[in-house]
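Numbering (numbering that gives the first Met the number 0), first residue to last: 0 to 113. Have a look at the structure below, then the notes.
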Amino acid sequence: MVTAIILFIIGALFGLHVLTHILNSKPSPKVSVALHGLFVATALVLLIIKIAGGTSGSTAIASLVFFVVAALGGFVMAYLDLVKKQPPPRALALLHPVLAAIGLVILIIFTFGK
């Protein structure tokens, strides 16, 4: 789980870079968009593998739920940005990291709170 946490944090840093561009009505930095997606998708897969292994409890599953909902919002934003060439709604751009941050806090508590 530690590797997933580290990857989520690195991904969050790239996401923060993207968010600042969105909130300032600037074009999104495509490299940061791609790196954000790569890091958090890898972390999400690691989390799913760990949970599927059956050694995780409901806290890890709660974390996964927040990450999956955040990821769905991320897919919508990526689609709007990369395919439709339009900025995502600001509300979604703000909700996405909030949900992911909640998932990360839950995951950290699960991992280190034992």
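Even glycine gets a Cβ: it sits at the ideal position worked out from N, Cα and C.
Coil, strand or helix - residue i by DSSP
i: residue 28; result: coil
i: residue 54; result: coil
i: residue 0; result: coil
i: residue 112; result: coil
i: residue 49; result: helix
i: residue 86; result: coil
Alpha carbon of residue i to alpha carbon of residue j, nearest angstrom
i: residue 7; j: residue 39; result: 5 Å
i: residue 64; j: residue 41; result: 16 Å
C-beta atoms of residue i and residue j nearer than 9 Å
i: residue 66; j: residue 99; result: yes
i: residue 45; j: residue 2; result: yes
i: residue 62; j: residue 102; result: yes
i: residue 96; j: residue 34; result: no
i: residue 73; j: residue 36; result: yes
i: residue 89; j: residue 43; result: no
Residue i classed as buried or exposed, judged by whether at least 16 other C-beta atoms fall within 10 angstroms
i: residue 13; result: buried
i: residue 27; result: buried
i: residue 32; result: buried
i: residue 60; result: exposed
i: residue 106; result: buried
i: residue 4; result: buried
Check: residue i C-beta below 8 Å from any heavy atom of the ligand SAH
i: residue 0; result: No copy of the ligand SAH appears in this structure; indeed no ligand is present at all.
task: Tell me, please, whether the segment 78-90 touches the segment 51-59 by the rule of three or more beta-carbon pairs shorter than 8 Å.
output: With the cut-off at 8 Å, the segment 78-90 and the segment 51-59 do not touch.
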